[in-house]
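Asker: Okay, handing you the structure first.
Numbering (the UniProt record's numbering), first residue to last: 1 to 314.
Have a look at this one:
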């Protein structure tokens, strides 16, 4: 296999500032402690953390011919990520989000959809994209061209090649279920937030939510649940994986970091629960700083944290 991990989907620039108590009225100015730029997104944030954790990564996404795109690609290159399949789209900006992070870590978002809506992975490129051990697709819901059938074809092709598939989405609405129906039969690990899963399924009980998505074809459901950890439902039954106790600065990218830690665990040969614990540890590290790449440094430090940190009651 050419790579341990191929990551396909939403790759954006985040512009973050904290702490933002309120947007100043009129043309007034307020002062904050920190401003950062990060390569982020449901796929982009995930691939950066996976690379930090030591995986050999392949990024498959789209950026514009602008300074934002140059920044994103430079970040990937600095982390040793293969960018040979990254697409540059003429006439549209790189997808980007402005995040005024509140003192409690909440982060309302202002998003410009941009180039990610134009990402297209052609069937002729499926073999190259799927030349990996694990394929993660992230960002369904904000991938306009891929969302209507092509993502399902890519995941189906990956499964036919024996590739493990993981899948995350973003910004669900009333039409998201139509996007998921052809996708989930080709997904080994479905990894939305619990809030997203509740919204899409229309159910409140975690077991009923999981059954809803199992019935649509997902083999294992991993619902990321913030301070409550994660709820895991698969062929071997139910797992509850607690969160770790940390001082939260910003929750941007925590779910993406969970996915990165989880797939790293799979590549390490960990079982399902331990892989989820590694995902939880990566997520906790990210919450301690500003931006989707905060906190995580190496696999060794993340494993040490996983093995020693205090957990929260689920």
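Backbone N, C-alpha and C define an ideal beta-carbon position, used for all residues, glycine too.
Computed from a prediction, not measured in an experiment: that's the story for all the values here.
#1: In this structure, does DSSP put residue 246 in helix, strand or coil?
#2: How about residue 96 and residue 111: are their beta carbons less than 9 angstroms apart?
#3: Using a Cβ-Cβ cutoff of less than 6 angstroms, which residues in the same chain neighbour residue 226 once the five nearest sequence positions on both sides are dropped?
#4: Does DSSP put residue 296 in a helix, in a strand, or in coil?
#5: Go ahead and label residue 245 buried or exposed: buried means 16 or more other beta carbons lie within 10 angstroms of its beta carbon, across all protein chains shown.
#6: Check the DSSP bridge columns for residue 35 and list the partner residues they point to.
#7: Here's a check: name, in chain order, each residue in its chain whose Cβ is nearer than 8 angstroms to the Cβ of residue 220, leaving out the five neighbours to either side.
#8: Assuming residue 5 and residue 50 form a contact by the criterion Cβ under 8 angstroms, report the distance between their Cβ atoms to the nearest whole angstrom.
#9: Are the beta-carbon atoms of residue 250 and residue 40 separated by less than 9 angstroms?
#10: Between which two residues does the beta strand (DSSP E) harbouring residue 139 extend?
#11: Helix, strand or coil, according to DSSP, for residue 186 in the structure here?
#12: Between the beta-carbon of residue 135 and the beta-carbon of residue 146, is there less than 9 angstroms?
Answerer: Working from what's here:
#1: Coil.
#2: Yes, the Cβ-Cβ distance between residue 96 and residue 111 is below 9 angstroms.
#3: There are no such residues.
#4: Looking at residue 296 - three-state DSSP - the assignment turns out to be coil, as it is neither helix nor strand.
#5: Exposed.
#6: Note: residue 35 sits in a beta bridge opposite 17.
#7: For residue 220, the CB contacts under 8 angstroms within the same chain, skipping 5 residues up- and downstream, are 188, 189, 190, 232, 233, 234, 235, 272 in chain order.
#8: Confirmed, about 6 angstroms.
#9: Between residue 250 and residue 40, the gap from beta carbon to beta carbon reaches 9 angstroms or more.
#10: Per DSSP, the unbroken beta strand (DSSP E) holding residue 139 starts and ends at 132-140.
#11: In this structure, residue 186 counts as helix in the three-state DSSP scheme.
#12: Contact: no.
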